[in-house]
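Here numbering that gives the first Met the number 0 is used: the first residue of the sequence shown is 0, the next is one more, and so on. Backbone N, C-alpha and C define an ideal beta-carbon position, used for all residues, glycine too. In this text the structure is predicted, and so the values were computed from the model without any measurement. Just below is one structure, and these are the notes that go with it.
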Amino acid sequence: MTMNKHDKALTLGRRGALGAFATVTGGLILRSLATGIPAQVLLDPLNAKAQEAGTARALILSVSSSGDPVNGNVPGTYGFSDVFHPTDPLMAETPMTFAGQSTAAAAPWANLPEGILDRACFFHHATYTPVHGEMGRVQRMMDATEKNDMLISLIARELAPRLGSVQADPVSLGANGGELLSSQGRVLANVGPTSVQKALGGVDGPLKDLTALRDESIDRIYALYKEHGTPSQRTLLESWARSRDEVRSISTELVSSLAAITGNDQVNQVRCAAVLAAMNITPVITLKLNFGGDNHTDGNLQREADNHVTSIGHMQMLVEELDNLRSQGLLKNDVIVGSLNVFGRTLKKKGTTGRDHNSNHHVTVLMGNGIKESLVGGIELAGSEYRATDIDAATGQSTPGGDIAFEDTLNAMGKTLGVALGVSGERMDEILPSGKVVSAAIG
């Protein structure tokens with residue numbers, strides 16, 4: 000079986016994601032979706048073999064160069080008399096028991112369903128930059144990664160063969176300027192949700208009925224294996240292949256999801272991310288949620304409050320949609336949802352205005368299977384402002400003199416994320432030499 004012209008475009012290499020979506024009809028993406036057979040097997044079926052042992056998960060990560068104040072309202076930043084929080088009742092300090100600790104968080108975090116909170120991690124760390132334009136450096140763990148590549152790009156290349164993803168490069172749905180992703184020295188174009196919807200043909204496009212494509216593709220590979228394949232390859236085909244009923248369900252669900260996309264704003268990025276995860280395009284998808292933005296002049300932190308309520312709701316919506324797709328069998332892999340900013344914000348009150356840049360404290364939020372209910376690190380006063388503390392790698396607790404020093408907290412977060420996604424600890428040590436895995440955060 001040779002790669003046809005559609006498949007060549009759909010390897011999503013140098014042409015980038017947008018060019019690939021533009022030639023999606025009849026191509027590799029749809030054939031993999033219709034059959035359940037990993038993309039690399041469709042490209043080279045006679046070299047098919049069982050996937051590497053061990054769990055591999057995908058990632059949907061909100062990435063922002065705004066420096067949102069996520070760090071101001073999560074578990075670990077309450078109980079300090081001089082830490083400022085929004086006055087809006089919707090963001091009220093709410094007591095909660097989390098990771099075995101009596102703590103508190105803003106109401107939208109504390110009131111998330113238990114089924115989400117018991118798979119959530121709030122990881123306190125620094126990013127070591129106060130500069131909006133250094134999101135790329137933060138993605139490279141402040142230039143500490145292998146070959147100075149973005150961490151999520153390195154992780155995506157590790158996981159793509161095991162997940163059977165169509166491509167190894169990550170895809171961004173809401174990136175702009177310094178938020179654009181790169182991989183192996185190439186800047187990757189952003190792909191807006193409406194572009195994805197248009198390329199996939201909308202409600203009357205090729206997703207409407209995948210059964211014929213399923214039958215034709217499986218018949219071709221079965222005939223090839225009957226003549227040239229091995230018994231183990233025929234067994235693998237049977238384990239991969241989706242039934243016709245499964246394919247009809249996929250068509251119905253994904254067409255419905257595509258029909259709901261009405262723009263490129265964050266709710267539509269959430270909808271599109273779930274569709275792309277189900278299609279197994281890539282191990283890593285990024286979008287952009289707004290938790291308050293660059294709020295230097297945000298009186299009483301009202302914009303922070305409004306945006307938190309909206310964006311936490313969108314994170315919940317995404318996790319629940321992924322859980323729904325997983326339970327139906329439309330999504331074959333677990334997906335971790337997270338949030339990463341270029342820096343956090345100051346925590347102490349400054350008159351009646353908002354928050355300034357804080358290079359020394361940021362909180363990465365992670366949710367999903369593979370994540371254990373955990374509060375990692377915390378804050379301490381350092382001069383006139385709060386910063387992230389040292390961490391005990393085994394427990395995740397804020398520990399003065401812990402084996403994860405303040406200077407290594409960013410890389411500890413990155414290394415922990417990689418292992419949670421399924422990259423081995425040994426390989427993560429090569430990808431990111433500094434920092435330690437916080438085992439208490441991994442489920």
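Supposed contact pair residue j and residue i - C-beta distance, whole angstroms, cut 8 Å
i	j	result
SER182	MET149	7 Å
ALA335	ARG56	Looking at the sequence itself, residue 335 is Ile, so the reference to Ala does not match. So it is a contact: roughly 6 Å between Cβ atoms.
VAL422	ILE154	6 Å
ARG118	GLY442	7 Å
PRO129	PHE342	6 Å
GLY262	THR210	About 31 Å; that fails the 8 Å criterion.
ASP407	GLY434	5 Å
TYR77	ALA47	Contact doesn't hold; Cβ gap of about 53 Å is too wide.
Local conformation of residue i per DSSP, three classes
i	result
MET314	helix
LYS347	strand
LEU253	helix
THR296	coil
THR24	Note that THR24 scores a pLDDT of 39, beneath 50, so its modelled location is shaky; the value from the coordinates is reported in the next line. Note: THR24 maps to coil in three-state DSSP.
SER31	helix
LEU223	helix
VAL186	strand
LYS146	helix
ALA159	helix
ILE115	helix
ILE217	helix
VAL69	helix
ILE151	helix
Boundaries (first-last residue) of the beta strand (DSSP E) holding residue i
i	result
ILE94	As written in the sequence, residue 94 is Pro, which differs from the Ile given in the question. 92-97 is the span of the beta strand (DSSP E), which, as asked, contains PRO94.
ARG386	384-387
SER101	100-105
SER63	57-63
GLY443	The displayed coordinates of the chain run from 0 to 442. Any statement about residue 443 would go beyond what the structure contains.
THR54	That residue, THR54, is in no beta strand (DSSP E); it is neither H nor E in DSSP.
THR408	Per DSSP, THR408 belongs to no beta strand (DSSP E); it is in the alpha helix (DSSP H), 408-420.
Sub-9 Å separation of residue i and residue j beta-carbons
i	j	result
VAL269	LEU253	no
VAL364	VAL73	yes
GLY369	LEU420	yes
ILE390	GLY376	yes
HIS361	VAL62	no
HIS295	ARG354	yes
ILE430	LEU236	no
LEU257	LEU206	yes
GLN166	ILE151	no
LEU346	PHE79	yes
Which residues DSSP lists as bridging residue i, in chain order
i	result
SER397	ILE390
HIS124	HIS361
HIS307	In DSSP, HIS307 forms no bridge with anything.
MET427	According to DSSP, which records beta bridges pairwise, MET427 is partnered with nothing at all.
GLU379	ARG386
HIS84	BP columns for HIS84 are empty, so no partner.
LEU374	PHE121
SER181	VAL186
VAL170	ILE284
ILE441	ILE370
is_contact[residue i, chain B] using C-beta, thresh 9 Å
i	result
LEU235	Looking at the structure shown, chain B is missing, and only one protein chain is on hand.
Residue span of the alpha helix (DSSP H) that contains residue i, given as start and end
i	result
HIS131	Taken as a continuous stretch (DSSP letters only), HIS131 belongs to no alpha helix (DSSP H), as it is neither H nor E.
THR285	No alpha helix (DSSP H) holds THR285; the beta strand (DSSP E) holding it covers 283-286.
LEU199	Where LEU199 is concerned, there is no enclosing alpha helix (DSSP H), given that its DSSP letter is neither H nor E.
ALA277	265-277
GLU237	230-239
ALA38	38-42
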